[in-house]
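**Q** Top to bottom, those sequences are chains A and B.
Sequential numbering of the first sequence, starting at 1, is according to UniProt numbering.
Sequential numbering of the second sequence, starting at 1, is according to UniProt numbering.
Submitted below is the structure of interest, expressed as structure tokens.
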Amino acid sequence: MTTQNTFHKDTWELYKGLEMSKQLTSGKTLAALADEYPEVVAMSADLSKPTGLWPFAKEYPERFFNFGLAEKNMVTAAAGLASTGKIPFVSTYASFLGVLAAENIRTAVAYPNLNVRLIGTHTGIAMGFYGTSHHATEDISITRAMANMTVISPADGVALAEMIEESVRTYDGPIYFRVSRGREEPVYTESKEVQNKIGKANILRDGSDLTIIACGIEVLQALRAADQLSEAGIETRVIDMHTIKPMDVEAVLNAAEETGAVLTVEEHNIQGGLGSAVAEVLMESNVSCKFKRHGFYDENSLIGKPYHLYKHYKLDAEGIASVAKEFLNK
Amino acid sequence: MTEVNTDIKNKVELIKEKAKLSRLETIRLIAKAKSGHYGSSFSSSEIFATLYYHVMNYDPENHRWKSRDRFVMGKGHSAVGVYPILADVGFFPKEELDTYTDLGSPFGDHPDMNKIKGIDFGSGSIGHGLSVGVGMSLGARLDNEDYRTFILMGDGEMQEGQVWEAAMSAANFKLGNLIGIVDNNKVTVDGHTHEMMNIEPLKEKWESFGWNVIEVDGHNIEKLIETFDNLPQANSDIPTVIIADTIAGKGVSFMEHGYEWHVANLGEDDIKRAVEEIEGGQ
Chain A
1 MTTQNTFHKD TWELYKGLEM SKQLTSGKTL AALADEYPEV VAMSADLSKP TGLWPFAKEY
61 PERFFNFGLA EKNMVTAAAG LASTGKIPFV STYASFLGVL AAENIRTAVA YPNLNVRLIG
121 THTGIAMGFY GTSHHATEDI SITRAMANMT VISPADGVAL AEMIEESVRT YDGPIYFRVS
181 RGREEPVYTE SKEVQNKIGK ANILRDGSDL TIIACGIEVL QALRAADQLS EAGIETRVID
241 MHTIKPMDVE AVLNAAEETG AVLTVEEHNI QGGLGSAVAE VLMESNVSCK FKRHGFYDEN
301 SLIGKPYHLY KHYKLDAEGI ASVAKEFLNK
Chain B
1 MTEVNTDIKN KVELIKEKAK LSRLETIRLI AKAKSGHYGS SFSSSEIFAT LYYHVMNYDP
61 ENHRWKSRDR FVMGKGHSAV GVYPILADVG FFPKEELDTY TDLGSPFGDH PDMNKIKGID
121 FGSGSIGHGL SVGVGMSLGA RLDNEDYRTF ILMGDGEMQE GQVWEAAMSA ANFKLGNLIG
181 IVDNNKVTVD GHTHEMMNIE PLKEKWESFG WNVIEVDGHN IEKLIETFDN LPQANSDIPT
241 VIIADTIAGK GVSFMEHGYE WHVANLGEDD IKRAVEEIEG GQ
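Here it is in structure tokens:
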């Protein structure tokens, strides 16, 4: 059996309709930039379709390289290409990019400060019952420990497209983009105005009792949690901290001062991820506030369908709201 | 493009002298650092000198010249033997080498592309070099440039799986502009390569990965020149690997073939003996 045209949005039942991965906008975005920027090239390790690179690969086959199942070679070759003036976009699952090829990223890309853009997809536990080998709950931690590296976890396909475009037009140095499976609902609506700028957090909702700082697909869940918390009388500020490194320090400190309580939410181990990065900012400031990190508590995920897993780990709206209430003792 | 010193009529003699220069400077610099890679630098001396004084196109005045031939070491630990050559051909003043391994010096055991003019890509993580070369060769093709990319690898490096990922991809992408060179000096850190982890049959391995394979005596300058002069065209479809039969520690009798000299530090008397042998060597 190869096709199942119905997509169950709650259970994320597996099926072959890649067109449902609407938030994986890298290929479409790069194809639109390709004529203006001949230095843009792309590559994948046998995952050009599931990662969303395919629209570029199809339209510019001479500028797309499929490296087969050889991620270390791919990342290092991207570094060689960047040394000749190209801007290579490398995309595969995050578990095989930010985790498997970490040494190659560190030594061949980050250390020489080359313009390689790495896009790790299917982050966190998006791969559900495929299991720990296909999960990536360490990649923020790994990549942000590398000097020169910018680490970005966009909330949706619009955000990814905008920051890919910025990375081609004006941004220098290596970037690790962390995106999910692409079947999630979006946060941003496509617009002529740029809504996501690298290094600048977005305050998507204001509140005075609590701030939730989230990244990636947890931004939408945080917004929905804020709605639920509002019904319970808790007014929540929600910050989309899409750029984890370099972090928008001002947004963090303002949130701490103005709301007095900060909860971070990420689909990642709380050790070393977004929560740790926010904690570092807070601990070195003169601002004191209540603080909690939410995500994976130094654990590997159970096997299960994504919907059930997000619920189990309290990474859906209801779960985040319950964690927030407990955090505030309300 | 560099001009070869015309004062020395015979190119072979010139290359021989420059290989000596590389070895003597390696001894001087390692004495300063008090630890370094003698054996694996000496096995590459003739290869370095042949590339920089005969084969490669480059411009010390414009070190990032787009059309230059590229040279990358997978075995970056031989960099101490390349720095003196880069200085000699004019990428930077020779005096800069006196900072070798000092705090903040551009020159360490492994080379850094952003700190040293003439280094086309950094190295140190063995097994990366050929992959970098794949990227550079793809870049050349995209830009319609006919430069070549030379990647020097160690025989121990053949044990790294990534080398074979790169070998497979270079043949797949038809990179005739990519030239691998294996400095087959037959020693690694812990012992003789074949005793540690056998890499043979090397020729057949490369052939089976779709490469054009040439075997040559890596210390015979005439043969090296002949090999490099007769490489397939850069726009051909098949990558070439030169398996250079070399001797670890070549040029210093008590070091030759010994894995103990892969990383070492010579005492004063030994330095004297080694320098005498290199200076008197044919």
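Backbone N, C-alpha and C fix where the C-beta goes; we use that ideal spot for every residue, glycine too.
For clarity, every value in this text was computed on a predicted model and none was experimentally measured.
#1: CB A:G216 to CB A:T236, shorter than 7 angstroms?
#2: Suppose contacts are defined by Cβ-Cβ distances below 7 angstroms. Is A:S159 in contact with A:P306 by that definition?
#3: Where do the N-terminal and C-terminal ends of the alpha helix (DSSP H) with B:M196 fall, by residue?
#4: Mind listing, in chain order, the continuous beta strand (DSSP E) runs of no fewer than 3 residues lying wholly within the stretch 174-250 of chain A?
#5: Residues in the same chain with beta-carbon distance under 7 angstroms from B:H77, minus the five sequence neighbours each way, listed in chain order, please.
#6: Over what stretch of residues does the beta strand (DSSP E) that includes B:N172 continue unbroken?
#7: Which stretch, first to last residue, makes up the alpha helix (DSSP H) that contains A:N73?
#8: So, do the stretch 182-190 of chain A and the stretch 130-141 of chain A have three or more beta carbon pairs nearer to each other than 8 angstroms?
#9: Is it right to say A:D246 is buried, meaning 16 or more other beta carbons lie within 10 angstroms of its own, or is it exposed?
#10: Using 7 angstroms as the limit for Cβ to Cβ distance, is B:S45 near chain A?
#11: From the DSSP output, in three-state form, read off A:M127 for me.
#12: Please tell me whether B:F209 has its Cβ less than 7 angstroms away from any Cβ of chain A.
#13: Whose CA, out of B:D155, B:I126 and B:N172, lies closest to the CA of B:S137?
#14: Just to confirm, is the Cβ distance from A:V40 to A:I105 under 7 angstroms?
#15: Which term fits A:W12, buried or exposed, when burial requires 16 or more other beta carbons within 10 angstroms of its beta carbon?
#16: Got a sec: is the Cβ-Cβ distance from A:L30 to anything in chain B below 7 angstroms?
#17: Counting pairs of beta carbons, one from the stretch 104-119 of chain A and one from the stretch 70-90 of chain A, are three or more of them closer than 8 angstroms?
#18: Can you tell me whether DSSP reads A:A324 as helix, strand or coil?
#19: Output yes or no for whether 7 angstroms exceeds the beta carbon distance between B:I15 and B:F48.
#20: On the three-pair Cβ rule with 8 angstroms, is the stretch 65-80 of chain B touching the stretch 111-128 of chain B?
#21: Report the three-state DSSP secondary structure of B:F71 (helix, strand or coil).
#22: Is it buried or exposed, A:K58, if we count other Cβ atoms within 10 angstroms and call 16 or more buried?
#23: Among the residues of its own chain, which have a CB less than 6 angstroms from the CB of B:K115, if the five just before and after it don't count?
#24: Check for me: the alpha helix (DSSP H) holding A:K311 runs from which residue to which?
#25: For B:T240 and B:N212, which I take to be in contact (beta-carbon distance under 8 angstroms), what is that distance rounded to the nearest angstrom?
#26: Taking A:T243 and A:I152 to be in contact with their CB atoms under 8 angstroms, please state how far apart those CB atoms are, rounded to whole angstroms.
#27: Using three-state DSSP, classify B:V275 as helix, strand or coil.
#28: Candidates B:S43, B:K34, B:R68 and B:V55: which alpha carbon is nearest B:R23's?
#29: What is the rounded straight-line gap between the Cα of B:K250 and the Cα of B:E256?
#30: Short of 8 angstroms Cβ to Cβ, which residues in the stretch 90-113 of chain A face chain B?
#31: Which same chain residues, not among the five before or five after A:V75, have their C-beta less than 8 angstroms away from its C-beta?
#32: For chain D, find out if any of its Cβ atoms is closer than 7 angstroms to the Cβ of A:N73; answer yes or no.
#33: With a CB to CB cut of under 8 angstroms and the five nearest residues on each side skipped, what residues in its chain are close to B:A248?
#34: Does the stretch 143-155 of chain B come within contact of the stretch 93-104 of chain B, defined as at least 3 CB pairs closer than 8 angstroms?
#35: Run through DSSP, which three-state label would B:V241 get?
#36: Under the assumption that B:V82 contacts B:G127 (Cβ atoms under 8 angstroms), give the Cβ distance between them as a whole number of angstroms.
**A** Well, looking at it:
#1: no
#2: According to the sequence displayed, residue 159 of chain A carries Ala and not Ser. The answer is no: Cβ separation not under 7 angstroms.
#3: T193 to M196
#4: 175-178, 202-205, 210-214, 236-240 and 243-245
#5: Around B:H77: H37, S40, D109 and H110.
#6: Element bounds for B:N172: not the beta strand (DSSP E) but the alpha helix (DSSP H), G161 to N172.
#7: E71 to S83
#8: no
#9: Residue identity differs from the one stated: residue 246 of chain A is Pro in this sequence, not Asp. A:P246 comes out exposed.
#10: no
#11: coil
#12: no
#13: B:N172
#14: no
#15: Low confidence applies here, because A:W12 scores a pLDDT of 49, under 50, leaving its location unreliable; read the following figure in that light. Classification of A:W12: buried, given that the 10 Å Cβ count is 16 or more.
#16: no
#17: yes
#18: Here A:A324 carries a helix assignment [DSSP, helix/strand/coil].
#19: no
#20: yes
#21: In the structure shown, B:F71 falls within a strand segment according to DSSP collapsed to helix, strand and coil.
#22: Label assigned to A:K58: exposed.
#23: P106
#24: Residues P306 to H312.
#25: 4 angstroms
#26: 5 angstroms
#27: Per DSSP, reduced to three states, the secondary structure at B:V275 is helical.
#28: Comparing Cα-Cα distances from B:R23 to each of B:S43, B:K34, B:R68 and B:V55, the minimum goes to B:S43.
#29: 5 angstroms
#30: E103, N104, T107, A108, Y111, P112 and N113
#31: Setting aside the 5 residues that flank it on each side, A:V75 is surrounded in the same chain by V90, L97, A101, N104, I105, A108, V109, V116 and L118, each with a C-beta closer than 8 angstroms to its C-beta; the list follows chain order.
#32: In the structure shown, chain D does not exist; the protein chains are A and B.
#33: G39, S40, F42, S43, N185, K186, V187, M255, E256, H257, G258, Y259, W261 and H262
#34: Touching, no, given that fewer than three Cβ pairs across the two stretches are closer than 8 angstroms.
#35: B:V241: strand per DSSP, three-state reduction.
#36: Contact flag wrong, Cβ pair sits at about 19 angstroms.
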